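Visitor:
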Amino acid sequence: MKGPILKNKRITLRPLKLSDATSFYQWMNDKEVIKYLLSQSGIKLAEQIKWIRSQAQNKNKIIWAIENEEGNLIGNTCLKLNVKNKFANLGIMIGEKKQWGKGYAGEVLELLKNYVFQKLKYNRLELEYKIDNKKAEKAYLKAGFKKEGIKRKNYFNLITKKYDDTGFMSILKEEYFK
12 MKGPILKNKR ITLRPLKLSD ATSFYQWMND KEVIKYLLSQ SGIKLAEQIK
62 WIRSQAQNKN KIIWAIENEE GNLIGNTCLK LNVKNKFANL GIMIGEKKQW
112 GKGYAGEVLE LLKNYVFQKL KYNRLELEYK IDNKKAEKAY LKAGFKKEGI
162 KRKNYFNLIT KKYDDTGFMS ILKEEYFK
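In this text, residue positions in the sequence shown follow our numbering: the first is 12, and each later residue adds one.
Given below as structure tokens:
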């Protein structure tokens with residue numbers, strides 16, 4: 012499903028383009044970038060192009076490219092929508108390592124919260140993350156997400172060759188509007 016363009020002063024969330032495939036391919040094959048992703052399999056460029064094409068057909072998922080204020084592609088984000096129960100699950104990847112630590116993930120979270128709670132009128136926004144990713148955890152907590160629990164050693168990390176714990180967080184509509 013194609014989502015709307017979402018913007019603030021520093022970032023733009025826009026629909027994917029086939030030209031994004033080269034950057035996504037590079038990021039998904041960079042061990043440092045994918046270390047904390049739940050999905051870590053390396054991917055070929057042709058598979059990445061096929062994946063981008065297939066996303067427009069997905070009725071329960073919106074994927075955006077993230078551009079910084081200079082118009083450079085720096086990552087992507089997605090919402091998996093549960094229309095019946097009015098909640099969304101989010102994911103964020105800042106793939107461009109030179110852009111890490113600049114607060115872009117926090118800005119993406121604000122845009123997604125606004126979209127989910129104001130536009131979609133959903134009740135809940137949730138996420139899953141690897142517990143070892145302390146920078147992500149800090150950004151989620153700063154954005155108002157609450158910790159809900161931990162799944163112990165449920166993802167095998169291809170980079171570290173060990174099982175990782177994953178944490179769960181959410182923010183509810185009433186917390187967003189406080």
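Cβ atoms here follow ideal geometry from the backbone N, Cα and C, with glycine treated the same way. Computed from a prediction, not measured in an experiment: that's the story for all the values here.
Hey, how far is the Cα of K173 from the Cα of F167?
Guide: Taking the first residue of the sequence shown as 1, we reach residue 173 at position 162. Taking the first residue of the sequence shown as 1, we reach residue 167 at position 156. Distance between the alpha carbons of K173 and F167 is about 6 angstroms.
Visitor: Counting only the same chain and skipping the five closest in sequence on each side, list residues whose C-beta sits under 8 angstroms from that of M154.
Guide: As a position in the sequence shown, residue 154 is number 143, starting the count at 1. Correcting the residue type first, residue 154 is Ala in the shown sequence and not Met. So the list reads G117, L120, E121, K124 and I182, once near-sequence residues are dropped.
Visitor: Beta-carbon separation of F35 and N87 under 8 angstroms?
Guide: Position 24 of the sequence shown, counted from the start, is the residue given in the question as residue 35. Position 76 of the sequence shown, counted from the start, is the residue given in the question as residue 87. Cβ atoms of F35 and N87: closer than 8 angstroms.
Visitor: Counting along the chain, where does the beta strand (DSSP E) carrying I190 start and finish?
Guide: Since the first residue shown for the chain is 12 and the last is 189, residue 190 is missing from the structure and cannot be characterised.
Visitor: Could you give the first and the last residue of the continuous beta strand (DSSP E) run that contains G86?
Guide: Position 75 of the sequence shown, counting from 1, holds the residue named residue 86. Taken as a continuous stretch (DSSP letters only), the beta strand (DSSP E) holding G86 covers L84 to N93.
Visitor: Grab me the residues of L48's own chain with a C-beta within less than 7 angstroms of its C-beta, minus the 5 sequence neighbours each way, in chain order.
Guide: Within the sequence shown, residue 48 is the residue found at index 37, counting from 1. So the qualifying residues of the chain are M104.
Visitor: Determine the direct distance from the alpha carbon of K42 to that of K141, and round the result to whole angstroms.
Guide: Translated into the one-based positions of the sequence shown, residue 141 becomes position 130. Translated into the one-based positions of the sequence shown, residue 42 becomes position 31. K141 and K42: Cα-Cα distance of roughly 15 angstroms.
Visitor: Return the bridge partner residues of Y174 from the DSSP annotation.
Guide: In the sequence shown, counting from the first residue as 1, residue 174 sits at position 163. Per DSSP, F167.
Visitor: Quick check on L101: does DSSP put it in helix, strand or coil?
Guide: Your numbering for residue 101 matches position 90 in the sequence shown. Reduced to three states, the DSSP call for L101 is strand.
Visitor: May I ask you to list the residues that DSSP assigns as paired with L183?
Guide: Here residue 183 refers to the residue found at position 172 of the sequence shown. For L183, which the question treats as bridged, DSSP gives the partners R135.
Visitor: I'd like to confirm the pairing. Which residues does DSSP put opposite W75 in its beta bridges?
Guide: Here the question's residue 75 lines up with position 64 in the sequence shown. Bridge partners of W75: P26 and T88.
Visitor: Just checking: is the beta-carbon of K55 within a distance shorter than 8 angstroms of some beta-carbon in chain C?
Guide: Any reference to chain C falls outside this structure, which holds one protein chain only.
Visitor: When DSSP labels each residue in this structure, what does L17 get in the three-state scheme?
Guide: As a first step, residue 17 must be located in the sequence shown, where it is residue number 6. L17: strand per DSSP, three-state reduction.
Visitor: Given a threshold of 16 other Cβ atoms within 10 Å of its Cβ, counted over all protein chains shown, does L152 qualify as buried or as exposed?
Guide: Locating residue 152 in the sequence shown gives position 141, where the first residue counts as 1. L152 comes out exposed.
Visitor: Taking Cβ to Cβ, would you say A67 is nearer than 8 angstroms to K13?
Guide: Locating residue 67 in the sequence shown gives position 56, where the first residue counts as 1. Locating residue 13 in the sequence shown gives position 2, where the first residue counts as 1. Going by C-beta atoms, A67 is nearer than 8 angstroms to K13.
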